[in-house]
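Undergrad:
Number of protein chains: 6
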Amino acid sequence: MATDVRLKDELSSITDQLVETYTECSRLNHLAHEPLPSRDAVADIVGDLFEVLYPGYGKRQNLHIGNIGYYVGSLVDALHDKLATQIARALRHELCDESPHADCVKMAEPKAVELLRRLADVRKTLEIDVEAAFRGDPAARSHHEIIFCYPGLEAITVYRVAHELHRLAVPFIPRMMTELAHAKTGIDIHPGATIGPGFFIDHGTGVVIGETCEIGRGVKLYQGVTLGALSFTKDDEGSLLHGSYKRHPTLRDGVVVYANATILGGQTVIGERTVVGSNVWLTESVPPDTTVVLEKPKLRLKGAKSTNDPLMYVI
Amino acid sequence: MATDVRLKDELSSITDQLVETYTECSRLNHLAHEPLPSRDAVADIVGDLFEVLYPGYGKRQNLHIGNIGYYVGSLVDALHDKLATQIARALRHELCDESPHADCVKMAEPKAVELLRRLADVRKTLEIDVEAAFRGDPAARSHHEIIFCYPGLEAITVYRVAHELHRLAVPFIPRMMTELAHAKTGIDIHPGATIGPGFFIDHGTGVVIGETCEIGRGVKLYQGVTLGALSFTKDDEGSLLHGSYKRHPTLRDGVVVYANATILGGQTVIGERTVVGSNVWLTESVPPDTTVVLEKPKLRLKGAKSTNDPLMYVI
Amino acid sequence: MATDVRLKDELSSITDQLVETYTECSRLNHLAHEPLPSRDAVADIVGDLFEVLYPGYGKRQNLHIGNIGYYVGSLVDALHDKLATQIARALRHELCDESPHADCVKMAEPKAVELLRRLADVRKTLEIDVEAAFRGDPAARSHHEIIFCYPGLEAITVYRVAHELHRLAVPFIPRMMTELAHAKTGIDIHPGATIGPGFFIDHGTGVVIGETCEIGRGVKLYQGVTLGALSFTKDDEGSLLHGSYKRHPTLRDGVVVYANATILGGQTVIGERTVVGSNVWLTESVPPDTTVVLEKPKLRLKGAKSTNDPLMYVI
Amino acid sequence: MATDVRLKDELSSITDQLVETYTECSRLNHLAHEPLPSRDAVADIVGDLFEVLYPGYGKRQNLHIGNIGYYVGSLVDALHDKLATQIARALRHELCDESPHADCVKMAEPKAVELLRRLADVRKTLEIDVEAAFRGDPAARSHHEIIFCYPGLEAITVYRVAHELHRLAVPFIPRMMTELAHAKTGIDIHPGATIGPGFFIDHGTGVVIGETCEIGRGVKLYQGVTLGALSFTKDDEGSLLHGSYKRHPTLRDGVVVYANATILGGQTVIGERTVVGSNVWLTESVPPDTTVVLEKPKLRLKGAKSTNDPLMYVI
Amino acid sequence: MATDVRLKDELSSITDQLVETYTECSRLNHLAHEPLPSRDAVADIVGDLFEVLYPGYGKRQNLHIGNIGYYVGSLVDALHDKLATQIARALRHELCDESPHADCVKMAEPKAVELLRRLADVRKTLEIDVEAAFRGDPAARSHHEIIFCYPGLEAITVYRVAHELHRLAVPFIPRMMTELAHAKTGIDIHPGATIGPGFFIDHGTGVVIGETCEIGRGVKLYQGVTLGALSFTKDDEGSLLHGSYKRHPTLRDGVVVYANATILGGQTVIGERTVVGSNVWLTESVPPDTTVVLEKPKLRLKGAKSTNDPLMYVI
Amino acid sequence: MATDVRLKDELSSITDQLVETYTECSRLNHLAHEPLPSRDAVADIVGDLFEVLYPGYGKRQNLHIGNIGYYVGSLVDALHDKLATQIARALRHELCDESPHADCVKMAEPKAVELLRRLADVRKTLEIDVEAAFRGDPAARSHHEIIFCYPGLEAITVYRVAHELHRLAVPFIPRMMTELAHAKTGIDIHPGATIGPGFFIDHGTGVVIGETCEIGRGVKLYQGVTLGALSFTKDDEGSLLHGSYKRHPTLRDGVVVYANATILGGQTVIGERTVVGSNVWLTESVPPDTTVVLEKPKLRLKGAKSTNDPLMYVI
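Protein chains in written order, with this note's numbering: chain F, 6 to 320; chain L, 6 to 320; chain V, 6 to 320; chain G, 6 to 320; chain C, 6 to 320; chain Y, 6 to 320.
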C-alpha cells in the first residue's frame with residue numbers, strides 16, 4: 006500500500022493534541038501507577054466460580070465424586086489469590102484519596118476468604134432457583150437444560166456472588182461482574198438488590214432490577230420487566246443524592262411479573278403471591294393475592310378492504 | 006503479596022463444605038464419566054455453519070466459484086465429525102436413565118448427515134429472508150450490509166439450523182445454539198417454533214418467540230416483540246405440564262408487528278397481512294388485513310412554567 | 006468412533022448441492038478476489054480506540070503523563086494503518102460496480118487520518134457525557150465506575166466514533182462498529198443519528214435510535230426507549246425508498262425519556278427540557294418544559310380469596 | 006491484489022495430482038477414521054507432568070503445602086483422562102492389523118494409572134539427578150537454577166517418564182515425548198535406554214543416547230557425546246533387523262564422558278568411575294577407574310609472518 | 006509496586022538515545038512502508054504444507070480417501086494466497102533498489118502456483134526418503150513412527166520445499182523455512198544444496214549441509230556431520246566473494262557418513278557407496294566403494310589405583 | 006469412554022504418595038507464597054527487546070522514522086515495568102534466606118532502568134556483529150538476510166542483553182534468557198562470558214561458550230565449537246568450588262575457530278588472528294598469527310571389491 010507520506014506526518018500533531026486532552030479532560034484517563042482491577046481478570050474469576058458452582062457443566066469434564074475435591078480445592082485456592090489481588094486493587098483505588106496509606110492487600114484477603122466461605126450457601130440457594138425455573142417453565146425438559154441454556158440462571162448466579170461481594174463492601178468488582186452478565190444476557194441486576202431463593206427470570210432480555218429492590222422468595226419475572234426508581238432525591242443545591250436510600254420497589258414472596266411490566270418507586274410494595282400482568286405500569290402498592298392486569302385496551306381495528314397493503318394504514 | 010497464612014488455612018475446610026454440597030445439592034453438578042455437549046464445540050459448529058451458509062463474509066476470504074467447492078467440502082466433512090460427536094453426547098445424556106445401553110454414536114451420525122443434507126434448502130430460505138430484510142428496511146443500503154451487520158438475520162440463521170436439529174429430535178444442542186444467538190443479539194427464538202421464509206426482525210433486542218409459535222411467510226417483527234404464552238396447563242397435582250402443547254400464537258403470512266407489542270396465547274391467530282402497532286397488547290385473534298393500534302392514549306401534559314426543572318413533575 | 010462409511014459417502018453429494026446454491030442464491034455469497042472488511046479487524050480497531058480515548062482503563066496499565074505520549078502515539082500510528090486498510094476494502098466493495106478503477110487505497114487514507122484528527126474533540130464530548138451520567142444516576146459512586154461499568158457509555162463512545170466515519174462517507178464500517186456495541190450492550194444507535202454532548206443512557210438494553218434522529222444536548226434515555234420511524238416512503242412502484250430522508254424524531258436539549266417509551270416519526274419534535282414518562286407511546290410533537298405521562302391506566306384487580314393460587318386468575 | 010485468474014484455475018488440477026499421490030504414495034498418508042495420537046495433546050501431557058514433578062516452577066504459582074494436594078490431585082485426575090485417551094489411540098493404531106477388535110480403551114487405562122503410580126518414584130530419582138547436577142557444575146549457583154534453566158535436566162525428566170511408558174509397552178508416545186525434548190534441548194535420548202539415578206548432562210546439544218544403552222548411577226555426560234551403534238544386524242535377505250537387540254554401549258556407575266566423545270557398540274563396556282576425554286572415539290571396552298584421553302594430537306602450526314591474513318593458510 | 010518516579014522520568018531520554026541509533030546504526034532497522042515477509046506467516050505456510058504432504062498426521066484427523074480432496078483443495082487454495090503475498094513481499098524487498106517499479110505481485114503469483122504444482126513430485130521423493138529411513142534404522146518400528154517422530158525427515162521435508170522455492174529464485178523465504186527447521190531439529194540444510202531421493206539423517210543435531218553440496222541418491226548421514234567449505238574465494242580487494250560458486254563437497258549415490266564426521270571443500274568428491282567413519286575429517290576425494298575410518302587413535306589410559314577419584318587424572 | 010471406576014479410585018492414593026514426596030524431595034518443589042520469575046514473562050521481555058533492537062523485522066511493520074519514537078517509547082515503558090517485576094521476583098528469591106526483609110522492588114527498578122539505558126550501546130555493538138557476519142559468510146546475500154535468518158546473530162543478541170543483566174547482578178534471569186536462545190539455536194553462551202564486538206557464529210548448533218571465557222574483537226566461530234573448562238577446582242572437602250574463577254579459555258582479537266574444534270582451560274590463550282582448524286582439540290595456548298590444524302589423520306581405506314556392501318567393513 007503506497008502510503009501518502011505527508012498524511013502520515015500529521016500523526017505526530019494528532020498525538021500531541023490527544024495528549025493535551027489527557028490533561029484537559031482528565032476524568033477519562035486513569036494515569037497512575039496503581040493499576041485498576043482488570044476486566045479480563047474479573048471475567049476469569051467469574052469463569053472459575055461457575056466451575057465451582059456447577060461442576061461438570063463447564064470446561065472440565067469427567068468429574069466424579071472421587072476427584073471433585075481435588076478440582077474444586079485447586080480452584081478455590083486459585084480463586085483466593087485472584088480475588089485477593091483484584092479486591093486489593095479496587096480498594097486501593099477507592100481509598101487512594103482518603104487513606105493513601107491503607108494496607109489494601111491486608112484488607113482484601115479476609116474479604117476474598119469470606120466470599121469463598123459463603124459459596125456453599127450460595128449453591129444451596131441456587132439449587133432452589135433451578136428447581137423454581139424447572140417448575141416455572143413448561144418448555145424446560147430437565148434441570149440440565151436450565152443450567153446449560155437459561156440466561157436467567159446465569160444472570161442470577163452472577164448476581165448472587167456479586168451481591169456477597171457488595172455486602173463485603175468491595176468496590177467496583179460487584180458491578181463489573183453484573184455488567185458482564187448484563188452484556189451476555191441483557192439482564193441488569195444491581196449487586197445491591199436483595200433477592201430471596203427460588204428466583205426465576207424467563208427469557209430475560211431487558212430486565213432491570215435496581216439497587217434497592219427487595220425481592221422475596223419464589224418470585225418469577227419475565228423479559229423486559231423494570232423494577233425501577235420513580236424519582237430521585239436531590240440535595241440542597243439541586244444535585245442528585247448519590248447513595249443507597251430506598252428508591253426501588255419491594256416484591257414479596259411468590260410474586261409473578263409478566264413481560265415488559267414496569268414497577269417503580271421505593272414505597273411501592275407488591276404483596277405476597279400477587280400477579281402483575283404483561284405491560285402493566287405500576288407506581289403504587291398492591292395487596293397480596295391480587296392479579297393486576299391492563300384493562301383490555303381499546304384497539305382500533307381498521308379494515309383493509311380498500312387496499313391490499315395494510316402498511317398504508319399504519320398507526 | 007504477604008498472604009495471611011491463617012486465612013489460607015481455612016481454604017481446606019471451605020473446600021470440604023463445597024464438596025458436601027455436591028452430594029446435597031446434586032442437581033447443580035454433573036458428576037459422571039460421560040461428558041456433556043461442550044459449549045465451545047457448539048459455538049465452533051455454529052461458526053463453521055456460517056462459513057458454509059454465507060461464504061466470503063466470514064473468516065475465509067478470496068473465495069471464488071473455482072475453489073469454493075474445496076472449502077465447503079472440507080467444512081462439511083469437519084462438520085460431520087463435530088456434529089456427530091456432540092449429538093452423541095447429547096443423546097447419551099438424554100437416554101442414560103431409560104436406555105443406558107443405547108448406541109448413541111450410531112444414532113447420532115444419521116442425524117448429523119441429515120442436517121448437512123438440509124443446509125442447501127436452508128440457504129434457499131435464507132436468501133428469501135435477506136431479500137425481505139432489504140425490502141423492509143429503508144436504512145439498508147445493500148444485501149451485503151444486511152448479511153454483515155444485521156443481528157436479526159444472525160438470529161434467524163441460527164434458528165433455522167437449530168430448528169432442523171430440533172426436528173431431528175436432537176436434545177440440548179438446538180437450545181444451546183439459539184441461546185448463543187440470544188446472548189449476541191438479544192433475540193430469543195425457541196428452536197421449536199415454526200417460521201416461514203421471508204422472515205425479518207429489525208433491531209431485535211428483546212424479541213421473544215415461544216416454542217409453539219407458528220409464523221407464516223413474509224412476517225416482519227420489530228424490537229421488543231413478545232410472542233408468548235397466556236397461561237400454562239397444569240397436571241392433576243398442580244404441577245406445570247412440560248411439553249410442546251400449543252400455547253403460543255399463530256401469525257399468518259404477511260403479518261407485521263411493531264416494536265414492543267405483545268401477543269399471547271395458543272389460540273390467538275393474527276390474520277394474513279394484519280399489522281399490529283407498537284406497544285399493543287393482544288390476547289385474542291385478529292382477522293386478516295386489519296390494522297391494530299393502541300387507541301391514542303390519554304397523556305397528561307403538565308406545564309412547567311413554574312419551574313425550570315421538569316424533573317419535579319415526574320410521574 | 007466407528008463412523009458409518011456409507012453415510013460419509015453422501016457428504017460429496019451434499020457438498021455439490023451446496024455449491025449449486027452458490028450460483029442460485031448468489032446473494033448470500035461473496036465470491037470475489039477483493040476481500041470484504043474483516044469483522045475481527047474492525048473489533049480490534051474499536052479496542053485500540055478505547056485505549057486512546059480512555060487510557061488506563063483498558064489493557065495497558067501503569068500509564069502516566071510521562072509515558073502516555075509514547076503509548077498513544079504508537080496506537081495512533083497503528084490505527085492509521087488498520088483503518089486505512091479496512092476503509093479501502095469497504096470503499097472498493099461499495100464502488101466495484103460503478104467505479105471499478107477507483108484508487109480506493111488513495112481515497113481511504115485521508116479518511117483514516119481525518120478520523121484520528123477528530124478524536125481529541127470526541128474525547129471532549131465524551132467527558133461531558135461522563136459528567137452527565139454521574140449527575141444523572143444516584144447509583145453511580147464515581148466517574149471511574151461509569152467508565153468501567155456503564156454499557157450506556159460504551160455504546161455512546163462507539164457511536165461517536167462511528168458517526169465521524171459515517172460523516173466521512175465510509176461505507177459498512179460505521180454500522181459494523183455500532184453493531185458490535187449493540188451485541189454487547191443491547192443498545193442500537195444508528196451511526197447516522199446526530200446526538201449532542203452530555204448524552205446519557207441508563208441500563209440501556211433495548212434502546213433503538215434511528216438513522217435520522219436529532220438529539221440535542223443533555224438528553225437522558227432509559228432502557229427500552231425506541232426513537233423510531235412511523236411509516237416509510239415508497240417509490241412509484243411501491244418499493245421502500247432507501248436513503249436518509251428524515252423519518253425519526255427530534256429531541257431537543259434536556260429531554261428525558263423514561264423506560265420503554267416509544268417516540269415515532271420524522272415530524273415529531275420533543276421540546277426542550279420535556280420529560281416523557283415510562284411506557285408512553287408518542288407520535289406527535291410535545292412543547293418544551295412539559296411532562297408527558299400515561300394517564301394512570303385502569304388496572305383490574307382480582308381478589309384471590311377463593312384460592313391460594315393467583316395464577317388461576319391470570320390475564 | 007489482482008490475482009491472475011488463469012493461474013488460479015490450475016489449482017484444481019494441482020489438487021487432483023496431489024490426491025492421486027495419496028493412493029500412489031500411500032505411506033505418507035494416514036487416511037483412516039481412527040485418529041492417531043495428537044502431538045499437541047502429548048505436549049500438553051508433558052506440560053502437566055512437569056507441573057506435578059516440579060510444582061511451583063511452572064505455570065501455577067503461590068503453591069504451598071496446604072494447597073498442593075488439591076492442585077496435584079486435580080492434575081493427576083486430568084492426566085489420567087488425557088493419558089488414557091492418547092494411549093488408546095496409539096494402541097489402536099499399533100494393533101489395527103493384527104487385532105482389529107482389541108478393546109484398546111480397556112487396555113489403555115491400566116497403563117495410564119500405572120504411569121501415574123510410578124511418578125512418586127520418578128520424583129525420587131529426579132531429586133538425585135538435580136543433586137548430581139549441582140555437584141557437577143561449578144557454574145550452578147543453586148538447585149533452583151538447575152530446575153529452572155538446565156536443558157539437561159529437562160531432557161532427563163522427559164526421558165524418565167517416557168521410559169516408564171516404554172516399559173509399559175505403550176507405542177509411539179514415548180518417542181513423541183523424547184522428540185519433544187530433543188527439539189527443545191538438542192538432547193536425543195531413546196526412551197528404551199536404561200539410565201540410573203544421579204545422571205547429569207551439561208550443555209547437552211548433540212548428545213545421542215541409543216535405544217539399548219545401559220547407564221549406571223552417577224554418570225555425567227557433556228555436549229555432543231554419542232552413545233551409538235557400531236554396526237547393524239541384518240536378516241538373511243540383507244535387510245536390517247528391527248528390534249531391541251543390544252547394539253549400544255554400557256556405562257557403569259560414576260563414568261564421566263567429556264564433550265564430543267563417541268562410544269560405540271553393544272559389547273563396549275566402560276568400567277566404573279572411568280573418565281573418557283573430550284573428542285575420544287571408542288569402540289572397545291575400558292576397565293574401571295581409568296582415564297582415556299586422546300594422545301595429544303600433532304598439530305601443525307604455521308607461522309603467519311609473511312602475511313597479515315592467516316586465512317590464507319587455512320587447512 | 007511503588008515505582009520511583011525519578012527513575013521513570015529517564016525513560017524519555019533513553020528512548021531518544023535509542024531513536025538516534027536508528028539513524029546511526031541503520032542496518033539493524035527496517036524502517037519503510039513496504040513490509041518484510043512475516044516470520045509467523047512463513048511458519049503458517051510450512052504448517053499447511055505438512056498437512057498437504059502428510060495428510061492425517063497433523064492437525065486434521067479422520068481424513069479418508071472420500072474427503073481428502075476437499076481438504077487438500079482448500080489448503081492448496083489458501084496456500085496460493087499466502088505464498089503469493091509473502092513472495093511478493095520478498096521480491097519487493099529484494100528489488101526495491103534496482104527495480105523500484107517492478108510489479109512484484111504479478112511476479113509472485115506464478116512462482117506460488119509453480120511451487121504448488123511441484124508438490125506432487127515432492128511427495129514422491131519423500132516417500133523414497135521415508136522408505137530409506139525405515140531401512141536404515143533398526144530402532145524404527147514402522148513408517149508411521151518415522152513420519153511422526155523423526156526430526157531428520159522433518160528437516161528434509163522442509164528442505165525439499167524450500168529448495169523448490171530457491172530454484173524459483175524466491176529470495177529470503179527459502180532460508181526462513183530451513184531456519185525454522187534448523188531451530189526445531191538442529192539440522193541446518195541450505196536451501197541451495199542439491200539432494201537426491203532416499204536421503205536419511207538419523208538423530209541429526211548439528212548436521213550442516215552447505216549451499217553448493219551435491220548429494221546423490223540413497224545417502225545416509227548421522228548427527229554432527231558437516232559438509233562444509235574449505236576456504237573462501239576473495240575478490241581483488243580481499244573481500245569475500247558472495248555467491249553460489251562451488252565450495253562444498255559432492256557425495257555420490259549410496260554414501261554413508263557416520264556421526265560427527267567433517268567433509269570439506271568444493272573439489273572433494275566421495276565416491277559411490279563409500280562409507281565415512283565417525284569423527285573422520287576429510288578434505289580430499291575418496292574413490293567409490295571405500296570405507297574411510299580413523300586409524301584407531303592412540304589412547305592414553307591412566308590407571309587410577311593411587312586414588313579413588315579419576316577426575317584427578319583428567320586430560 | 007467407559008472408565009474403569011476401580012482404577013480411578015486409586016488416583017487418590019497416587020496423589021497422596023506424590024504429596025508425600027513434596028516433603029521428602031523438597032528440592033524439586035517451590036512451595037512458597039513468593040512467586041519465581043515467570044518463564045513466559047521472560048520470553049515476552051526478550052520478544053520486546055528484539056522489537057527495540059531490530060525495529061521493522063519483527064511483529065510491528067510499517068515503521069518509519071516519523072513514528073518509530075512512539076513505538077519504541079511505548080515498548081521501553083512497558084519493558085521497564087515487566088523487567089522491574091521479574092527482577093524483583095528473582096532478587097527476592099535469591100535473598101530470601103539471608104535478607105528476608107530486603108526491599109526487592111526498590112532494588113529491582115534501577116537495574117531495569119540501567120539495562121534500558123545500555124540498549125543504545127548494545128545496538129552499536131550489534132551493528133558491528135551484523136557487518137562481521139556479512140563479511141564472513143559468502144552465502145549471505147544481504148544484511149537483511151542475516152538479521153532475519155541467522156541463528157548465530159539471534160543467540161549473540163540475547164547474550165549481549167543477558168550479559169548486561171549479569172553485570173547488574175540480576176540472578177536467574179540472564180541464564181533463563183540465554184537458555185531460551187540455546188533451545189532455539191543450539192548455541193549455549195553463558196551470560197557471564199565477555200565477548201567483543203564483531204562476533205560471528207555460523208550455523209552454530211552445538212557451540213558452547215563457558216562462563217569465564219574472554220573473547221576479543223572480530224572473532225568467528227563455527228558450529229560445534231566448545232570453549233570449555235579443563236578441570237574444576239575443589240574445596241578441602243572435595244566438593245566443586247562454585248563461582249566464577251577463570252576456568253575457560255581466552256580468544257584474542259581476530260581469532261577464527263572452525264567446526265567442532267574444542268579449546269579448554271582457563272590458562273589457554275589463543276593469540277591474535279590465529280586460526281584453529283576444524284576438529285582440533287586444544288588445551289594449551291597458541292601464539293598470534295598462527296594456524297593450527299589437525300595433522301592429516303591417517304585414514305584406513307578399505308577396498309570394497311570383494312563385496313557390494315561397504316557396510317560390512319564398517320569401523
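Each residue gets a CB set at the ideal place from its N, CA and C atoms; glycine is no exception. In this text the structure is predicted, and so the values were computed from the model without any measurement.
1) Out of curiosity, what's the CA-to-CA distance linking ASP134 of chain C and ILE152 of chain C?
2) Chain G beta carbons: is any one of them nearer than 8 Å to that of CYS154 of chain C?
3) Between the segment 204-219 of chain G and the segment 246-258 of chain G, are three or more C-beta pairs nearer than 8 Å?
4) Could you confirm whether any beta carbon from chain V is found closer than 8 Å to the beta carbon of TYR76 of chain Y?
5) Please list, in chain order, all residues of the same chain as PHE177 of chain C whose beta carbon is under 6 Å from its beta carbon, the five residues on each side excluded.
6) Measure the Cβ-Cβ separation of GLU323 of chain C and ARG180 of chain G and say whether it is below 8 Å.
7) Among F:ALA138, F:ALA144, F:ASP240, which has the Cα closest to the Cα of LEU158 of chain F?
8) Where does the unbroken alpha helix (DSSP H) through ASP142 of chain C begin, and where does it stop?
9) Quick check on THR231 of chain L: buried or exposed, where buried means 16 or more other Cβ atoms within 10 Å of its Cβ?
10) If you count every other CB in all the chains shown that lies within 10 Å of the CB of GLN91 of chain F, and 16 or more means buried, which is it?
11) Using three-state DSSP, classify LYS13 of chain V as helix, strand or coil.
12) Does the beta carbon of LYS111 of chain F come closer than 8 Å to any beta carbon on chain Y?
13) I want to verify the contact list: residues of chain G whose CB lies under 7 Å from the CB of ILE73 of chain C, in sequence order.
14) If we define contact as Cβ-Cβ less than 8 Å, is ASP14 of chain L a contact residue for chain G?
15) Within the segment 131-199 of chain G, note down every full alpha helix (DSSP H) run reaching 4 residues or more, in order along the chain.
16) Is the beta carbon of THR267 of chain L less than 8 Å from the beta carbon of SER290 of chain L?
17) Could you give the first and the last residue of the continuous beta strand (DSSP E) run that contains LYS324 of chain F?
18) Helix, strand or coil: which one does DSSP assign to LYS251 of chain F?
TA: Inspection of the coordinates gives the following:
1) Counting from one through the fifth sequence, the residue named residue 134 of chain C turns up at place 129. Counting from one through the fifth sequence, the residue named residue 152 of chain C turns up at place 147. Going from the Cα of ASP134 of chain C to the Cα of ILE152 of chain C covers about 10 Å.
2) Along the fifth sequence, one-based indexing puts residue 154 of chain C at 149. For CYS154 of chain C, the closest Cβ of chain G is nearer than 8 Å.
3) Touching, per the Cβ criterion.
4) Numbered from 1 along the sixth sequence, position 71 holds the residue referred to as residue 76 of chain Y. Interface residue, yes.
5) Your numbering for residue 177 of chain C matches position 172 in the fifth sequence. Non-local C-beta neighbours of PHE177 of chain C in its own chain, meaning closer than 6 Å and more than five positions away in sequence, comprise PRO42, ALA95, ordered along the chain.
6) One cannot answer for residue 323 of chain C here, as it falls past the ends of chain C, which runs 6 to 320.
7) Taking the first residue of the first sequence as 1, we reach residue 158 of chain F at position 153. It is F:ALA138 whose Cα lies nearest to the Cα of LEU158 of chain F.
8) In the fifth sequence, counting from the first residue as 1, residue 142 of chain C sits at position 137. Counting along the chain, ASP142 of chain C sits inside no alpha helix (DSSP H), nor does DSSP assign it H or E at all.
9) If you number the second sequence from 1, residue 231 of chain L lands on position 226. By the Cβ neighbour-count rule, THR231 of chain L is buried, with 16 or more other Cβ atoms within 10 Å of its own.
10) Numbered from its first residue, the first sequence carries residue 91 of chain F at position 86. Around the beta carbon of GLN91 of chain F, a 10 Å sphere encloses 16 or more other beta carbons of the protein chains shown; the residue is thus reported as buried.
11) For this step, residue 13 of chain V is matched to residue 8 along the third sequence. If DSSP states are grouped into helix, strand and coil, LYS13 of chain V belongs with the helices.
12) Within the first sequence, the letter at position 106 stands for residue 111 of chain F. Not an interface residue.
13) Numbered from its first residue, the fifth sequence carries residue 73 of chain C at position 68. The answer, in chain order, is VAL24, TYR27, LEU36.
14) Looking up residue 14 of chain L in the second sequence gives position 9. At a cut-off of 8 Å, the C-beta of ASP14 of chain L has a neighbouring C-beta in chain G.
15) Taken in chain order, the unbroken stretches of alpha helix (DSSP H) that lie wholly in the segment 131-199 of chain G and span 4 residues or more are 148-154, 156-172, 178-190.
16) For the purposes of this step, residue 267 of chain L is taken as residue 262 along the second sequence, with counting starting at 1. For the purposes of this step, residue 290 of chain L is taken as residue 285 along the second sequence, with counting starting at 1. Contact flag unset, no.
17) Residue 324 of chain F lies beyond the residue range present for chain F, which begins at 6 and ends at 320; the question has no answer from this structure.
18) Locating residue 251 of chain F in the first sequence gives position 246, where the first residue counts as 1. Correct three-state label for LYS251 of chain F: coil.
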